[in-house]
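First comes the structure, then the notes that go with it.
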Amino acid sequence: MNLTFSYPKWEELPNIDLYLDQVLLYVNQVCAPSFSQKEKGLTASMVNNYVKHGYLTKPEKKKYQRQQIARLIAITTLKSVFSIQEIAQTLNTLQVEASSETLYDAFVNYMNAEIDPNSPIILTSCQTVKLYHRTLSLIETNVQEEELS
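Letter 101 of the sequence shown, counting from 1, is numbered 101 in my numbering, and no numbers are missing.
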């Protein structure tokens, strides 16, 4: 995982509604540094399935809003470690406690600078993702060292 990139804060997310192809491009650019080599980015069929199963609200006139984009960034980041059902359940539980903007910025603050989010759910899920990517990086480094020796 590239530790030099940073997720955009809520106010940095697109303030205009985006079509699906624009959403895919944006979310994949934001999340690409966190993908392991074997992970693929967000696809149209994934988004359509998330909407179909209620993990993401339906777009209005085929356009996605800031809240949906933030949710897709969180889902795309967390899906390397958690199932989509676990992610949706977590996000739905958190939304009872706070607004999407507050939750998303807490997620971004921890992922970017490890600022304590005051939410054990956000804290541990972000730590899990970071540890997963760190483990993959250590394995990759170990394999490369073995190939050189």
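Idealized CB from N, CA, C, for every residue including glycine.
*For R134, is the classification buried or exposed, using 16 other Cβ atoms within 10 angstroms of its Cβ as the cut-off for buried?*
Result: exposed.
*4 or more residues per run - each alpha helix (DSSP H) lying fully within the stretch 5–68*: 20–31, 44–52
*Look at the alpha carbon of N48 and the alpha carbon of E147, and state the distance between them as a whole number of angstroms.*
Looking at the two C-alpha atoms, the distance is approximately 42 Å.
*Does DSSP classify A88 as helix, strand or coil?*
helix
*Whether L56 touches L72 by CB criterion (8 Å)*: yes
*Report buried or exposed for Q127, applying the criterion of at least 16 other Cβ atoms within 10 angstroms of its Cβ.*
exposed
*Where do the ends of the alpha helix (DSSP H) carrying S119 lie?*
First-last for S119: undefined, no H or E at that position.
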